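Note that full-length UniProt numbering gives residue 395 to position 395 of the sequence shown, counting from 1, and the numbers run on in steps of one.
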Amino acid sequence: MTSTTDHHGDTPAPRRSIAVISHPDAGKSTLTEALALHAHAISRAGAVHGKAGRGGVVSDWQEIEQKRGISISSAALQLQFEDTVINLLDTPGHADFSEDTYRVLTAVDCAVMLLDAAKGLEPQTLKLFEVCRTRGVPVLTFVNKWDRPGKDALELCDELEQRIGLVAAPVTWPVGEAGRLRGLLDPRTGDVTTYHRAPGGATLAEERHLTPDDAARELGDDVTDAVDQAGLLPAPDVESFLAGRTTPLLFGVALTNIGVRGLLEAVRRFAPAPGPRVTTDGRARDVDAPFSAVVFKVQAGMDRQHRDQVAFIRVVSGTFERGMPVVHAQTGRSFATKHAATVFGRDREIVETAYPGDVVGLVNATALAVGDTLYDPQGPPAVFPPMPAFPPEHFVTARPADPGRAKQFRKGIAQLAHEGVVQLLVSPDRGDGEPILGAVGPLQFEVVAFRMEHEFGAPVRTQPLSYGLARLATDADVAALAGARGVEVVTRADGARLALMRDRWVLQALRRDRPGLALPELLVGAA
Ligand code: GDP
Numbered sequence: 001m002t003s004t005t006d007h008h009g010d011t012p013a014p015r016r017s018i019a020v021i022s023h024p025d026a027g028k029s030t031l032t033e034a035l036a037l038h039a040h041a042i043s044r045a046g047a048v049h050g051k052a053g054r055g056g057v058v059s060d061w062q063e064i065e066q067k068r069g070i071s072i073s074s075a076a077l078q079l080q081f082e083d084t085v086i087n088l089l090d091t092p093g094h095a096d097f098s099e100d101t102y103r104v105l106t107a108v109d110c111a112v113m114l115l116d117a118a119k120g121l122e123p124q125t126l127k128l129f130e131v132c133r134t135r136g137v138p139v140l141t142f143v144n145k146w147d148r149p150g151k152d153a154l155e156l157c158d159e160l161e162q163r164i165g166l167v168a169a170p171v172t173w174p175v176g177e178a179g180r181l182r183g184l185l186d187p188r189t190g191d192v193t194t195y196h197r198a199p200g201g202a203t204l205a206e207e208r209h210l211t212p213d214d215a216a217r218e219l220g221d222d223v224t225d226a227v228d229q230a231g232l233l234p235a236p237d238v239e240s241f242l243a244g245r246t247t248p249l250l251f252g253v254a255l256t257n258i259g260v261r262g263l264l265e266a267v268r269r270f271a272p273a274p275g276p277r278v279t280t281d282g283r284a285r286d287v288d289a290p291f292s293a294v295v296f297k298v299q300a301g302m303d304r305q306h307r308d309q310v311a312f313i314r315v316v317s318g319t320f321e322r323g324m325p326v327v328h329a330q331t332g333r334s335f336a337t338k339h340a341a342t343v344f345g346r347d348r349e350i351v352e353t354a355y356p357g358d359v360v361g362l363v364n365a366t367a368l369a370v371g372d373t374l375y376d377p378q379g380p381p382a383v384f385p386p387m388p389a390f391p392p393e394h395f396v397t398a399r400p401a402d403p404g405r406a407k408q409f410r411k412g413i414a415q416l417a418h419e420g421v422v423q424l425l426v427s428p429d430r431g432d433g434e435p436i437l438g439a440v441g442p443l444q445f446e447v448v449a450f451r452m453e454h455e456f457g458a459p460v461r462t463q464p465l466s467y468g469l470a471r472l473a474t475d476a477d478v479a480a481l482a483g484a485r486g487v488e489v490v491t492r493a494d495g496a497r498l499a500l501m502r503d504r505w506v507l508q509a510l511r512r513d514r515p516g517l518a519l520p521e522l523l524v525g526a527a
């Protein structure tokens, strides 16, 4: 780390740990680059999406990643904005949308919901928002692409309220409708900021600040309209935001850096600082307790040459010092953290010190699984609740390609399920010799195939199933579903029974034919 504040004295700079949630193409990569331009990037963990032709940093040790030209990793970018260190955790999207995307949201204190002005709430945004809601992660909203024709600002606010029950509380309001942005109004003061666009987003846009009188003179009715519209909505306040009732709302153009600084200011003002985390005994670990951390992502070694594995931890309490011994709560074993890095891929950067809210990648900590806890042996032990299982949407059956490797097959599948790579679902009809694997994203099955072959020496044959929806099945549901077509009841590793079916139309038909079915939704991200 290069933050000077971190090197002197014992008091770390204030921290915010956030993630951007959005649907593909809303502008997450563009916004990430813009945020890094406005705030000083201290370090990068992993790649922010190595899209073809963008020249992004792509970690070179993952074969699947290289083959596909996408990043299946999620890691963090650390930014220094004024006195505050902002940890921006990446939520993988696009083809690499998987359990990792959800898991990142268990490691942040606030999410920025990024909307395309022309599209409003889109399916992936809604899914990610549901995880935030379930986990009590408060949400700021940034409406992007205001340089293009889009929806009406009030219509977007209405959509937020109607569809997800969030009242928009404007931090900024656009002067001029989408596609004709003339400036951004601060409804608190009536001041307007105008921007002289910096094409390509390579440099900061030149800003001018206008008093209400100057703005009225220069921008006329557009300002009056903006003031009137913003006046219909409540002012943002921390309490209702943290309670999940309101969302501080900002507008901008990530591509030309408009409104991006305002977003950083809003993150600093509204996002909560890292706080205590509840342990399995029902108590809470305060941030100033001795070191503890939770593993929220494991990137397993896929490169046979390097046999590399990075476990990403979020520091919950205390100070992490590289080299310090830590206890792995799940095994009781202690190990040294010599290989701690914020960057992997082409250039790893060594982490010396990290504070609550920060992300550290522990290289070659192969015993660690997602959801595990680490703590300082000098202090009291801690165990944080395990990572929740998220509703799978993709299913395959798996068999050993070589029947003589059945033992290795079982061992490998069990290990991968334990690590949370996939969910292991056993169907009475198929038995545990041909389990069903469930995942949030289909890329997980490639990870399974690769690791089963190279790590466990048991290549697998997988067969996709046509299911796309899983619901919880109560005892009564299991009885009622006997003999039903198009639905398969399976048992998850934790003992829960799930009913698998193609889609919600099948679910509707089942409900019609068998009134009284409960089939509750699998909660997204309940602990
Ligand atoms: P991601 O898929 O969410 O990471 O989206 P990208 O950052 O890759 O952006 C998708 C497309 O939208 C790209 O062509 C961007 O150049 C474009 N884009 C992003 N932000 C803006 C914006 O504010 N205005 C306009 N007009 N285009 C944008």
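From the three backbone atoms N, C-alpha and C, an ideal C-beta is built for every residue, glycine too. Remember, predicted model here, so these are calculated numbers, not experimental data.
The region 427-441 and the region 360-369 do not touch, with fewer than 3 CB-CB distances between them shorter than 8 Å.
Annotated three-state conformation of W173 is strand, per DSSP. Residue pairing for L160: DSSP places it in no beta bridge.
In the three-state reduction of the DSSP assignment, R497 falls in the strand class. Here V294 is buried, its C-beta having at least 16 other C-beta atoms within 10 Å. Counting the other Cβ atoms within 10 Å of the Cβ of A178 gives 16 or more, which makes it buried. For W146, the closest of G165, D116 and L128 by C-alpha to C-alpha distance is D116.
Closest option to A417, judged by alpha-carbon separation, among A401, G404, P428 and R451: R451. Looking from the CA of K338, the closest CA among Y355, Q330, G357 and L362 belongs to L362. In the DSSP annotation of this structure, Q78 is not part of any alpha helix (DSSP H); the continuous beta strand (DSSP E) holding it starts and ends at A76 to F81.
Taken in chain order, the complete alpha helix (DSSP H) segments of 4 residues or longer contained in the region 460-515 are 475-480 and 504-513. If you draw a straight line from the Cα of L443 to the Cα of S29, it is about 20 Å long. Boundaries of the alpha helix (DSSP H) harbouring P212: P212 to L219, taken from the DSSP string. Rounded to the nearest whole angstrom, the C-alpha separation of L232 and V253 is 23 Å. When G357, A496 and V351 are compared, the shortest CA-CA separation from F390 is found for A496. Here A479 is exposed. Its C-beta has fewer than 16 other C-beta atoms within 10 Å. L416: member of the alpha helix (DSSP H) spanning A406 to E419, first to last residue.
Taking 7 Å as the cut-off, the beta carbon of N87 is found closer than this to the beta carbon of D358.
Two segments are said to touch when three or more pairs of C-beta atoms, one from each, lie closer than 8 Å; by this definition the region 406-420 does not touch the region 125-140. Distance from F251 to T172 at the Cβ level is roughly 6 Å; contact confirmed, criterion being Cβ atoms closer than 8 Å.
Collapsing the DSSP output to three states places F335 in a strand.
Beta-carbon to beta-carbon, L185 and G259 are separated by about 11 Å, too far to satisfy the 8 Å threshold.
If you keep only unbroken beta strand (DSSP E) runs of at least 3 residues inside the region 256-327, you get 292-299 and 310-317. The beta-bridge partner set that DSSP reports for F241 is empty.
For the set T106, L126, E321 and V108, the Cα lying nearest the Cα of L114 is the one of L126. One Cα belongs to L160, the other to H94, and the distance between them is close to 23 Å. Following the DSSP letters along the chain, one finds Y375 in no alpha helix (DSSP H) but inside the beta strand (DSSP E) bounded by residues T373 to Y375. Taking the CA atoms as reference points, H209 sits about 14 Å from R188. Where R451 is concerned, the enclosing alpha helix (DSSP H) starts and stops at L443 to H454. Each of E218, N257 and T101 was checked against the Cα of K297, and the nearest Cα belongs to T101.
Under the three-state reduction of DSSP, H23 is assigned to coil, being neither helix nor strand. The Cβ neighbour count for S317, taken over all protein chains shown within 10 Å, is at least 16; the residue is labelled buried. Using a Cβ distance threshold of 7 Å, L181 and P174 count as a contacting pair. Beta bridge pairing from DSSP links M387 with no other residue. For E352, the three-state secondary structure derived from DSSP is coil. Annotation: the continuous beta strand (DSSP E) that includes D116 extends over C110 to D116.
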